[in-house]
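In our numbering, the protein residues as written are 11 to 231.
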């Protein structure tokens, strides 16, 4: 996996993170100044929340990878450490969308590239567990890119998105909007209500491995 950020040396990574943290701090300071001048402190709170949610993935993602709490299976497919028999998967973060979408890819092809990376990552995850035939691991993820029909073809079933998950999505709306806009190559406001939670057993995914591989190759071509 050739993730541009992780190809930087430690000094370059730290320099980038300090730079973006400084910009975030400046934005928060400007927000508080405006709130003070306008006597409208809600503005300061809103700006603070937006800036923190935008900054978080640039700090948290590399940190969690370093700690072993997140694992990359492809540029846009990460998994958390298994917990209570469940592996939570993620289709990349704003951090990944910022760094890993090739600059030379046409805007119209970006989603295709991201979906192909989803499938490539899923295949890597399957390869990790198919050597454990008795594994009863459940794979669970939330997405606003993959539709229900495609997910079911891959072996996933639609599940109700929990209230807490909906609140987290609303809290991170600015971050999701930026990631979605990068994916589409234009400013795009996603509908949180269209976000879906999908779940599958690792055995169901193993059974559909060839179908997933075929779709991945088709998207790659």
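Glycine is no exception: its CB is placed at the ideal position from the N, C-alpha and C atoms. Computed from a predicted structure; not experimentally measured.
Secondary structure at residue i, three-state DSSP: helix, strand or coil?
| i | result |
| --- | --- |
| residue 4 | No answer is possible for residue 4: it lies beyond the span of the chain, which begins at 11 and ends at 231. |
| residue 141 | coil |
| residue 154 | coil |
| residue 147 | coil |
| residue 115 | coil |
| residue 49 | coil |
| residue 103 | coil |
| residue 228 | helix |
| residue 122 | helix |
| residue 221 | helix |
Could you give the distance in angstroms between the alpha-carbon of residue i and the alpha-carbon of residue j?
| i | j | result |
| --- | --- | --- |
| residue 195 | residue 206 | 22 Å |
| residue 200 | residue 139 | 33 Å |
| residue 27 | residue 105 | 11 Å |
| residue 145 | residue 215 | 12 Å |
| residue 72 | residue 43 | 31 Å |
| residue 173 | residue 204 | 14 Å |
| residue 231 | residue 118 | 15 Å |
| residue 224 | residue 213 | 18 Å |
| residue 166 | residue 222 | 12 Å |
| residue 30 | residue 175 | 27 Å |
In the DSSP output, what is residue i paired with across the bridge?
| i | result |
| --- | --- |
| residue 206 | 153 |
| residue 90 | 80 |
| residue 246 | The requested residue 246 does not occur in the structure, where the chain is confined to residues 11 to 231. |
| residue 211 | 148 |
Would residue i and residue j qualify as a contact pair, given that the criterion is a beta-carbon distance under 7 Å?
| i | j | result |
| --- | --- | --- |
| residue 95 | residue 148 | yes |
| residue 84 | residue 131 | yes |
| residue 192 | residue 107 | yes |
| residue 65 | residue 110 | no |
| residue 220 | residue 169 | no |
Along the chain, which unbroken stretches of the alpha helix (DSSP H) at least 4 residues long are found entirely within the segment 151-200?
158-164, 173-181, 183-194
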